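Chains as they are written, first to last, in my numbering: chain P, 266 to 633; chain W, 2 to 168; chain R, 87 to 262.
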Amino acid sequence: MNYFIILTSLMKILGVIFLIILPMVSYSVYAERRVSALIQDRLGPNRVGPAGLFQPVADAVKFLLKEDFTPAHVNTFYYWLAPCLAMVPAIATIAVVPFGSTLLGVPMVIADINVGVLYVFAIASLGVYGIVIAGWSSNSKYPFLGGVRSSSQMISYELSLGLAVIPIFLLVGQLRLTEIVRYQIEHGWMIAPFIGDWLNVQKWLLAIPMFVSFCVFTVAIFAETNRLPFDLPEAETELVGGYHTEYGSMKFALFFLGEYAAMITGSALIVTLFLGGWHLPIPSWNGGFHWTYITGDAEGWRGIAGGLFNIATFFGKVAMLLLVFIWVRWTLPRFRYDQLMRLGWVFFFEIALVNIFLAALMIAYFPA
Amino acid sequence: MPALLFWTFAAMTLVFGAAVVLNRNPIASALSLVLSFLGLAALFMGLDAFFIGIIQVLVYAGAVMVLFLFIIMLFDLRAEERRRINRVAVVGGSAVSLALFVQICLVVAELRGSHDQFPALPATRTDDVRDIGLLLFNNFNLPFQIIGVLVLVATIGVIVLSKRELR
Amino acid sequence: MAITVRRPNLSWKERIYLPAILSGMVITMRHLKNMIFGRTKVTMEYPEEKWDSHMPEHYRGAPALVRDVAGRIRCVACQLCEFICPPRAIKIIPGELPGDDKFAKVEKYPNEFDIDMIRCIYCGMCEEVCPEQAIFLRKDYAITGFTREDMVHDKEKLLEIGGVMHGVVLKWNEKK
Chain P
266 MNYFIILTSL
276 MKILGVIFLI
286 ILPMVSYSVY
296 AERRVSALIQ
306 DRLGPNRVGP
316 AGLFQPVADA
326 VKFLLKEDFT
336 PAHVNTFYYW
346 LAPCLAMVPA
356 IATIAVVPFG
366 STLLGVPMVI
376 ADINVGVLYV
386 FAIASLGVYG
396 IVIAGWSSNS
406 KYPFLGGVRS
416 SSQMISYELS
426 LGLAVIPIFL
436 LVGQLRLTEI
446 VRYQIEHGWM
456 IAPFIGDWLN
466 VQKWLLAIPM
476 FVSFCVFTVA
486 IFAETNRLPF
496 DLPEAETELV
506 GGYHTEYGSM
516 KFALFFLGEY
526 AAMITGSALI
536 VTLFLGGWHL
546 PIPSWNGGFH
556 WTYITGDAEG
566 WRGIAGGLFN
576 IATFFGKVAM
586 LLLVFIWVRW
596 TLPRFRYDQL
606 MRLGWVFFFE
616 IALVNIFLAA
626 LMIAYFPA
Chain W
2 MPALLFWTFA
12 AMTLVFGAAV
22 VLNRNPIASA
32 LSLVLSFLGL
42 AALFMGLDAF
52 FIGIIQVLVY
62 AGAVMVLFLF
72 IIMLFDLRAE
82 ERRRINRVAV
92 VGGSAVSLAL
102 FVQICLVVAE
112 LRGSHDQFPA
122 LPATRTDDVR
132 DIGLLLFNNF
142 NLPFQIIGVL
152 VLVATIGVIV
162 LSKRELR
Chain R
87 MAITVRRPNL
97 SWKERIYLPA
107 ILSGMVITMR
117 HLKNMIFGRT
127 KVTMEYPEEK
137 WDSHMPEHYR
147 GAPALVRDVA
157 GRIRCVACQL
167 CEFICPPRAI
177 KIIPGELPGD
187 DKFAKVEKYP
197 NEFDIDMIRC
207 IYCGMCEEVC
217 PEQAIFLRKD
227 YAITGFTRED
237 MVHDKEKLLE
247 IGGVMHGVVL
257 KWNEKK
């Protein structure tokens, strides 16, 4: 066995989870509270530390010190299992997402497997077990309804999620996420391939199905992560707290964190597939105007700085998307359940199918 | 794949496969089946067959079993747990499955090449997604299209049946 | 009779919802922007900013005993407030003034005067009923304490909150 690969993978896993994802999760909770407050002309948590920046620490301490209470009427084993099942898939998904170029010659992706995006869908589809089991084991009507709603919602939107990305794979011819990022570096970001190549009619035509894909995919991610306007599984006004009504202290916190971790991996996926991954074009002048970008390939400290810059770029994009998630949540009202299902099956499913056809036509008749 | 991982996942597949049958609680059975599928998927990945492994998780563990669980949750589970074990059925069922197992062993033992050592996996990994795609669309295009039509017919059939007014 | 609610016939543009969603998002973004640039100011950040200067004239805060300009405790321990108090928060133990006191003709004074601020409902009945203009509801609202005992205001505390009251009738002074 190659110990170098094992060691670097381990460091990447620990680094990504403990230095990036978990702090990002806790700070997205903080951002959620702060931004929602600002949108509603309030101030939000601003007491703990400067501008309330240590609020996540206070929250964590509170969750850890609360009494870990198990109600008498629950199915204990599954009641304890469910929060773990909600957290694990959300974090495991990040394994195949390239979150940077290279750092000291090590590619910044934990597992660069050739089925990349299928792996993401497979693991994400396991996320529903946590919610369903939480709803069932609580042995109480509102969590149960929440669990049932959630599973049907996730199954419905997984279809459009899967179909929405097919145009990209038609174009790139690969499922490997690193290849998709490389393709976008060479041919322009999927969401706007015509930038920098304004007169290329083929790229303008291609942008149409890509934009539709982007919209359908983003909406499906909203539905998959149970975010408003699709947060029917935990609709407070109808279902008390939804599937986690019977949960308290750290077990509730795990559901909460799992939801935000799923949001982060969903955003990371959108960034990788449509927004160019870690790539950030920089205008430069070298005997004529052209675009360039930073890699981590350079010698010495310049390489390290470049690699770190690319990681920062990727997670900066993710953070921007998270802000959009929050912005949408505090703007739109919740859909009704039949509207949600209609939207999933009648609109997005069909749009995604037609879009595949459209993309295939364009790739066949206007090849690059 | 190191032998340790192989044995771990093989044991996981078998143990949880047995648990599917032995558990009295249907939810526990369904979840054991999911774990069994995950072990199987890991075995596939150990053979560098990432595509099949992932599809195993995506389709069986992610979609089919969720539907199963969904249906099981709507039942009254206590009735199932209270149900008494029928001795005759247990003995008969074990006998039949044992006979089937022995039969399969005998057939496999007689198969051509069953005693040969399989060639080692190539050191450079092949792109199995691409290979499967090429094979499917070049060599088996017509069967693939026919399956597609079949699935379409089934889909339309389900919609027609569910839309029909109850009389 | 059932009332038929007529649903509006939505145009094609309204039915895809996208313009409405976008205009909603513009509205929330405007609120966010105004908050960030400090153009909206709704919240008062309590311990730093206080409400005191905005307090209306009729505000009913903590009840307190007052002294008059001569420095006399105006309470004569008639115990009317003790009887009228709806939650029975007031406890008075009257005492007799010694004969050589300047105000000996008042005869009574409160030896002890406790108001249990956990029970007090800030109704102001004590103020209304007082024939001596001795007890007033002041504007103190931050009544805190770590124990139940802390929350009982005794005579010293009440006089401290009350201070000196100007412009009240001085009926016990010697007539000219």
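For each residue, glycine too, the CB sits at the ideal point set by N, CA and C.
These figures come from a predicted structure and were not determined experimentally.
Per DSSP, cross-strand counterpart(s) of residue i
{"i": "T367/P", "result": "P372/P"}
{"i": "S549/P", "result": "H555/P"}
{"i": "K177/R", "result": "D200/R"}
{"i": "F222/R", "result": "A150/R"}
{"i": "Y195/R", "result": "G181/R"}
{"i": "H239/R", "result": "I201/R"}
{"i": "I73/W", "result": "Answer by DSSP bridge pairing: none, since I73/W is not bridged."}
{"i": "I113/R", "result": "I113/R pairs with nothing; no bridge assigned."}
{"i": "I159/R", "result": "R153/R"}
{"i": "V382/P", "result": "According to DSSP, V382/P bridges with nothing at all."}
{"i": "V250/R", "result": "R153/R"}
Cβ neighbours of residue i in the same chain (closer than 6 Å, five flanking residues each side left out)
{"i": "P494/P", "result": "L597, R599 and F600"}
{"i": "V637/P", "result": "Only positions 266 to 633 of chain P appear in the structure, and residue 637/P is not among them; the question remains open."}
{"i": "L44/W", "result": "F10"}
{"i": "Y208/R", "result": "R146"}
{"i": "M74/W", "result": "none"}
{"i": "K331/P", "result": "S514"}
Sequence-distant residues of the same chain with beta carbon closer than 7 Å to residue i, five excluded per side
{"i": "E193/R", "result": "E182 and L183"}
{"i": "V371/P", "result": "T273"}
{"i": "K468/P", "result": "G453, P458, F459 and D462"}
{"i": "P336/P", "result": "E511"}
{"i": "R158/R", "result": "F189"}
{"i": "G411/P", "result": "G400, P498, E499, L504, G507 and Y508"}
{"i": "L605/P", "result": "Q418, F495 and L497"}
Presumed contact (8 Å Cβ cut-off) between residue i and residue j, rounded CB distance
{"i": "T511/P", "j": "S405/P", "result": "Looking at the sequence shown, residue 511/P is not Thr but Glu. That belief holds up - the Cβ atoms of E511/P and S405/P are roughly 6 Å apart, short of 8 Å."}
{"i": "L166/R", "j": "A220/R", "result": "Not really, about 10 Å apart at Cβ, beyond 8 Å."}
{"i": "V374/P", "j": "T273/P", "result": "Not a contact, Cβ separation roughly 11 Å."}
{"i": "H252/R", "j": "I201/R", "result": "So it is not a contact: roughly 23 Å between Cβ atoms."}
{"i": "T578/P", "j": "W543/P", "result": "5 Å"}
{"i": "V162/R", "j": "E213/R", "result": "Their Cβ separation, rounded to whole angstroms, is 15 Å, which puts V162/R and E213/R out of contact at 8 Å."}
{"i": "G438/P", "j": "Y508/P", "result": "The Cβ separation is near 40 Å, so there is no contact."}
{"i": "V446/P", "j": "I616/P", "result": "In fact, because the Cβ distance is near 26 Å, the residues do not count as touching under 8 Å."}
{"i": "M528/P", "j": "T483/P", "result": "Going by Cβ atoms, the distance from M528/P to T483/P rounds to 12 Å, so no, they are not a contact pair."}
{"i": "A526/P", "j": "A355/P", "result": "4 Å"}
{"i": "L538/P", "j": "M455/P", "result": "6 Å"}
{"i": "M121/R", "j": "D306/P", "result": "6 Å"}
{"i": "R492/P", "j": "F334/P", "result": "Between F334/P and R492/P the Cβ distance is about 28 Å, and since that is not below 8 Å, they are no contact."}
{"i": "I304/P", "j": "W566/P", "result": "Between W566/P and I304/P the Cβ distance is about 42 Å, and since that is not below 8 Å, they are no contact."}
{"i": "F612/P", "j": "A485/P", "result": "That pair is no contact at about 11 Å."}
{"i": "F610/P", "j": "S421/P", "result": "At residue 610/P the sequence reads Trp, which differs from the Phe that was named. Contact flag correct, Cβ pair sits at about 6 Å."}
{"i": "M470/P", "j": "F631/P", "result": "The question names Met, but residue 470/P is Leu in the sequence shown. That belief holds up - the Cβ atoms of L470/P and F631/P are roughly 6 Å apart, short of 8 Å."}
{"i": "A106/R", "j": "I229/R", "result": "Wrong, their Cβ atoms sit about 49 Å apart, outside the cutoff."}
8 Å Cβ shell around residue i - same chain, five flanking residues per side excluded
{"i": "L696/P", "result": "Lying before the first or after the last residue shown, residue 696/P is absent from chain P, which here runs from 266 to 633."}
{"i": "A50/W", "result": "D129"}
{"i": "I105/W", "result": "none"}
{"i": "P172/R", "result": "I207, C209 and M211"}
Across the segment 50 to 68 of chain W and the segment 389 to 398 of chain P, are there enough close Cβ pairs to call them in contact, namely three or more that are closer than 8 Å? Contact between the segment 50 to 68 of chain W and the segment 389 to 398 of chain P is present: three or more C-beta pairs spanning the two stretches fall below 8 Å.
Which residues, in chain order, does the segment 299 to 326 of chain P contribute to contact with chain R at a C-beta distance below 9 Å?
Flagged, chain order: V300, A302, L303, I304, Q305, D306, R307, L308 and N311.
For the segment 362 to 389 of chain P, list every residue whose C-beta sits within 9 Å of some C-beta in chain W, in sequence order. Correct list: I378, N379, V380, L383, Y384, F386, A387, I388 and A389.
- Can you find at least 3 beta carbon pairs, one from the segment 355 to 370 of chain P and one from the segment 28 to 42 of chain W, that sit closer than 8 Å? The segment 355 to 370 of chain P is not in contact with the segment 28 to 42 of chain W.
- Query: Name the residues in the segment 418 to 443 of chain P whose C-beta lies less than 9 Å from a C-beta of chain W; which are they?
  - Reply: Answer set for the segment 418 to 443 of chain P: M419, I420, E423, G427, G438, Q439, L440 and R441.
Check your understanding: For the segment 45 to 68 of chain W, which residues have a CB atom closer than 9 Å to at least one CB atom of chain P, in sequence order?
Key -> Residues M46, F51, F52, G54, I55, I56, Q57, V58, L59, V60, A62, G63, A64, M66, V67 and L68.
Next on the checklist: Counting beta carbon pairs with one atom in the segment 615 to 623 of chain P and one in the segment 462 to 477 of chain P, are three or more of them shorter than 8 Å?
Outcome noted: Short answer: they touch.
**Study point:** Where the segment 337 to 361 of chain P meets chain R: residues whose CB sits under 9 Å from a CB there
**Key:** Under the 9 Å Cβ criterion, the segment 337 to 361 of chain P contributes no residue.
query = Do three or more CB pairs link the segment 284 to 302 of chain P to the segment 88 to 104 of chain R at distances below 8 Å?
reply = Contact between the segment 284 to 302 of chain P and the segment 88 to 104 of chain R is absent: fewer than three C-beta pairs spanning the two stretches fall below 8 Å.
- request: For the segment 445 to 457 of chain P, enumerate the residues whose C-beta is nearer than 9 Å to any C-beta of chain R, in chain order.
  value: Residues passing the 9 Å Cβ filter: none.
Are the segment 528 to 544 of chain P and the segment 580 to 588 of chain P touching by the rule of at least three beta carbon pairs closer than 8 Å?
Counting C-beta pairs closer than 8 Å gives three or more between the segment 528 to 544 of chain P and the segment 580 to 588 of chain P, which meets the contact rule.
Original post:
Are the segment 227 to 241 of chain R and the segment 200 to 218 of chain R touching by the rule of at least three beta carbon pairs closer than 8 Å?
Top reply: Yes, the segment 227 to 241 of chain R touches the segment 200 to 218 of chain R.
Q) Taking contact to mean at least 3 C-beta pairs separated by less than 8 Å, is the segment 429 to 436 of chain P in contact with the segment 514 to 521 of chain P? A) No: fewer than three Cβ pairs fall under 8 Å.
Could you please tell me which residues of the segment 581 to 598 of chain P, in chain order, have their CB closer than 8 Å to any CB of chain R?
Within the segment 581 to 598 of chain P, contact with chain R at the beta-carbon level (separation under 8 Å) is assigned to W592, V593, W595, T596 and L597.
Q: Give the residues from the segment 195 to 207 of chain R that approach chain P closer than 9 Å (Cβ to any Cβ), ordered along the chain.
A: Those would be none; no residue qualifies.
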